[in-house]
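Order-wise, the sequence lines are chains A and B.
Counting from 1, one number per residue, gives the positions in the first sequence under our numbering.
Counting from 1001, one number per residue, gives the positions in the second sequence under our numbering.
Glycine included, C-beta positions come from ideal geometry on N, C-alpha and C.
Comments concern the structure below.
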Amino acid sequence: MINAGKIIRDHVLDQAGVTTLVSTRVYAERSVPVAGYKPGDGACLCFQIRGGKVDLGSKVLLPSVQFTCWAPATASQRAEVRCNVLYRALFDALESGGGSGVLHSYLETLGQTLWHPESGWPFVLCAFRILLNNQE
Amino acid sequence: MSVKWYGARLQKMLDGAEDRILRKAAMQCVAHAKVNIVQNDQVDTGFMLNSGYMATEREDTYGQIRGDGDKAPKRTAGKHRAIAAFAANYAIYQEASRSFLYKALEQTAKDLPQIIKAERIND
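This is how it looks when you write it as structure tokens:
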């Protein structure tokens, strides 16, 4: 079986509209940023596979992938607004998209702005269905 | 040869069956989700566990939720729709950290043929 997390991360890192905002801060199999992260470090994306299925005799994986988008405030925009900027960039990159190992992707659950109960940091929660080629 | 088309009657039967199937599926989904919450070790006070409810166009179990926690407003379902939800206002964070409800939805999808089959037998 392919390493779905790595393929998704590599695919996201290929999206210039996203990496302009997050650089390489794309964290796989997490719902919150890595320990030690602070919004001042810059925007980041976390994702984890929350479910899905295999299809075509296991030649295709169809995971549902949950993303959380985190970003710091700027001089002119609140942090929750910046989180939504990142969410929209992610949407533009993944909606009806494809690439190496990624056959197709589309938004499954619209983004929702939330505040992390422990840190108080805002983030946007959303989910995409990402169809992956499972033939190595 | 003549054919009598009982379209309206058939549609009424299908409508009723569809609603009953959706109702059962929503209840099954809440049941799966509760098991998942326990298996995920997401129980602290038990409020979230007990805040699961289902809703259809005609009925819901929101009023049966007991506990002192803060509840999100009741979600309402439109025609030929059913909702499985958890009212605890922090449930979305638990779902985001470790899915219990999306997983339950997938489990219920697998149960659907059996739910539909049982409904057909009852008709």
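Pair within 8 Å by beta-carbon distance, residue i and residue j
i: R1075/B; j: N1050/B; result: no
i: D1084/B; j: A1033/B; result: Checking the displayed sequence, the identity of residue 1084/B turns out to be Ala instead of Asp. Contact: yes.
i: P72/A; j: A43/A; result: yes
i: C46/A; j: S23/A; result: no
i: I8/A; j: I130/A; result: yes
i: Y87/A; j: V34/A; result: no
i: A1096/B; j: K1071/B; result: no
i: R1020/B; j: E1057/B; result: no
i: G51/A; j: E1106/B; result: yes
Close Cβ partners of residue i (< 7 Å) along its chain, the five nearest in sequence each way excluded
i: R1098/B; result: N1040 and Q1042
i: G97/A; result: S105
i: Q80/A; result: Gln is not the amino acid found at residue 80/A; the sequence shown has Glu there. So the qualifying residues of the chain are T113 and P122.
i: F91/A; result: L107
Reduced DSSP category for residue i - H, G, I as helix; E, B as strand; rest coil
i: G1016/B; result: helix
i: P1150/B; result: Nothing can be reported for residue 1150/B: it is not among the residues displayed for chain B, which extend from 1001 to 1123.
i: V81/A; result: helix
i: F91/A; result: helix
i: I130/A; result: strand
Supposed close pair residue i, residue j - CB separation, criterion 8 Å
i: E29/A; j: Q48/A; result: 5 Å
i: A1025/B; j: L1101/B; result: Their Cβ separation, rounded to whole angstroms, is 14 Å, which puts A1025/B and L1101/B out of contact at 8 Å.
i: P39/A; j: Y1090/B; result: That belief does not hold up - the Cβ atoms of P39/A and Y1090/B are roughly 22 Å apart, past 8 Å.
Other residues of its chain near residue i: CB distance less than 6 Å, five sequence neighbours each side excluded
i: W115/A; result: P122
i: A1031/B; result: none
i: A1104/B; result: C1029, H1032, A1033 and N1036
**Asked** For the stretch 1044–1081 of chain B, which segments carrying the beta strand (DSSP E) assignment without a break, of at least 3 residues, lie completely within its bounds, in sequence order?
**Response** 1052–1056
**Item:** beta strand (DSSP E) runs contained entirely in the stretch 5–72 of chain A, provided each spans 3 or more residues
**Value:** 26–28, 44–55 and 60–70
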